[in-house]
C-alpha cells in the first residue's frame, strides 16, 4: 500500500530538524500504527499548541549518522485503546505493564524509522526504550535542542511523535 | 502426537514475554512449557542450568543484548542443535540477517507478529527438534544394545 505523507515544516524555535528525519518518522508512524490498529492514522500538523494531558511517553535515542531522539506521546485514553489492540488484553493504565506497552510501541516505531532512514542512506542505531509517565505532560528538553512535534489522530485517539536532534555544532 | 517443547523466552518487557508465550500457545506447533528471563545475563544462567528445546530472544535489551546472548550460547558446540529465534523491532533486513547469521541465531521474527507468522517461521525448526530427538533416542538405544551384546 502506498501512503502519501504531508511533509512537515521542520523548523523549531531552536533550529532545524532535517526534513529527511521528519519524513522518515512520519512514514514510520503511519506504517506502524496502521499495522497495529488496522487503520491509518492521519497527520494533523506539527507544533506544541495542543492541550496538555495525563499520559505516557516512550523514548528512544539513536546514534550514528544523525544523533537524535524519538518520543511517542500517548494520552491515557489512546494508550489504553492501543494496549488492547497491541496485546489483545485490557491493561490497567497505572500498572508497570502499560509502561512496557508504550516502550514497546516506541521501539517498533523506532525500528521502522531506522529502516526508513536506511533506505535513504542514513544509518542509525537504536537504544533500549524507556517510558515516562505524568500529568500535564510535556517533555522539557535541555539546552534548546532543535525539535518538532508531529501530531496524529487515529480511531484509537490522538497521539504525537516528537523528533529531537542533537544541538547543531 | 503433539511434541512437548521447553521454550526459554527472553525479553526485558513482561508484556512482550506474555505476548510471545500467548502466541506460541495458540500455534499448532506443540505443547509449550515456558521459562522466562528479563535480560541476556539471566537467560544465560537459566540456559546453562537447564538447556531448553528452543529459545526466543529479544534483540534490544539492557545488560546483555539478544545478539550477545546468542554469541555466548553458540560459543559451546554442545548447544548447536538448540534453535534460537530472535525477536526484533529492527526492520533493516540486511542488517538483521547479517547480525543473526554472524551470531548464530536460526531465525528472526519482526514485531508486531501474528500467530500465523510464528507458525510459518517455526515449523521447520520444530521439525528439526523432533528429528534431533529421534536421532538421540536411536543413538542411545544403539549404545544400550551394543553394551548388552558386549560390544563396549
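Residue numbers (this note's numbering), protein chains in the order written: chain A, 284 to 452; chain B, 5 to 156. Quick reminder that beta carbons are idealized off the backbone N, C-alpha and C, glycines included.
Exercise for review: Could you name the residues of chain B that residue 354(A) contacts, counting a contact when the two beta carbons are closer than 8 Å?
Suggested key: What residue 354(A) touches in chain B: nothing, since even the nearest Cβ is about 16 Å away.
Exercise for review: Report the residue ranges of all beta strand (DSSP E) runs contained in full by the region 348-430 of chain A; include only those spanning at least 3 residues, in chain order.
Suggested key: 351-358, 407-409 and 413-417
Point to revise | Beta-carbon gap between residue 359(A) and residue 341(A) smaller than 9 Å | key: no
Review point. Considering only C-alpha positions, which residue in the set 82(B), 84(B), 46(B) and 60(B) is nearest to residue 68(B)?
Key: 46(B)
Point to revise | Close-in-space but distant-in-sequence residues of the same chain around residue 110(B) (CB under 7 Å, 5 per side omitted) | key: 87, 88, 89 and 129
**Study point:** Cα-Cα separation between residue 16(B) and residue 435(A), rounded to whole angstroms
**Key:** 28 Å
**Study point:** Which of helix, strand or coil DSSP assigns to residue 38(B)
**Key:** strand
**Study point:** Interface residues of the region 96-124 of chain B facing chain A [CB-CB below 9 Å]
**Key:** 96, 97, 98, 99, 114, 115 and 116
Point to revise | Alpha-carbon to alpha-carbon, residue 82(B) and residue 327(A) | key: 55 Å
Review point. Name the residues in the region 376-389 of chain A whose C-beta lies less than 7 Å from a C-beta of chain B; which are they?
Key: 380, 383, 384, 386 and 387
Exercise for review: Taking residue 94(B) as the query, report the chain A residues whose CB atoms sit under 8 Å from its CB, ordered along the chain.
Suggested key: 394, 397, 398 and 409
Point to revise | Identity of the residue in 49(B), 40(B) and 11(B) nearest residue 34(B) by Cα | key: 11(B)
Point to revise | Contacts of residue 18(B) in chain A (Cβ-Cβ under 9 Å) | key: 379, 380 and 383
Check your understanding: Where residue 104(B) and residue 98(B) are concerned, what is the direct C-alpha to C-alpha distance, given to the nearest angstrom?
Key -> 10 Å
Point to revise | Spatial distance of residue 126(B) from residue 7(B) (CA atoms) | key: 13 Å
Point to revise | Under 7 Å from the C-beta of residue 23(B): neighbouring residues of chain A | key: 370
Review point. Which residue's Cα is closest to the Cα of residue 416(A): 373(A), 364(A), 308(A) and 355(A)?
Key: 355(A)
**Study point:** Beta-carbon spacing of residue 407(A), residue 346(A) below 9 Å
**Key:** yes
**Study point:** chain B residues whose Cβ lies nearer than 8 Å to that of residue 391(A)
**Key:** 93, 115 and 116
Exercise for review: Kindly indicate which three-state DSSP category residue 328(A) falls into: helix, strand or coil?
Suggested key: strand
Review point. Using CA coordinates, which residue listed in 394(A), 412(A) and 375(A) is at the minimum distance from residue 386(A)?
Key: 412(A)
Check your understanding: Taking a cut of 8 Å between CB atoms, which residues from the region 56-68 of chain B lie near chain A?
Key -> 64, 65 and 66
Review point. Roughly how many whole angstroms lie between the Cα atoms of residue 393(A) and residue 84(B)?
Key: 32 Å
Review point. Taking 9 Å as the CB-CB cut-off, is residue 342(A) touching chain B?
Key: no
Practice item. Could you check if residue 433(A) is buried or exposed, using at least 16 other CB atoms within 10 Å of its CB as the buried criterion? Key: buried
Exercise for review: Could you tell me which residues DSSP puts in a beta bridge with residue 96(B)?
Suggested key: According to DSSP, which records beta bridges pairwise, residue 96(B) is partnered with nothing at all.
Review point. Does residue 412(A) come within less than 9 Å of chain B when only Cβ atoms are used?
Key: yes
Review point. Is it right to say residue 305(A) is buried, meaning 16 or more other beta carbons lie within 10 angstroms of its own, or is it exposed?
Key: buried
Check your understanding: When the Cα of residue 57(B) is compared with those of 114(B), 107(B) and 137(B), which residue comes out closest?
Key -> 137(B)
Practice item. Taking only beta-carbon positions, decide if residue 363(A) is within less than 9 Å of chain B. Key: no
Exercise for review: Please check the pair residue 382(A) and residue 414(A), which I expect to be a contact at CB under 8 Å, by giving their CB distance rounded to whole angstroms.
Suggested key: 4 Å
Check your understanding: In chain order, what residues of the region 435-452 of chain A put their CB closer than 8 Å to some CB of chain B?
Key -> none
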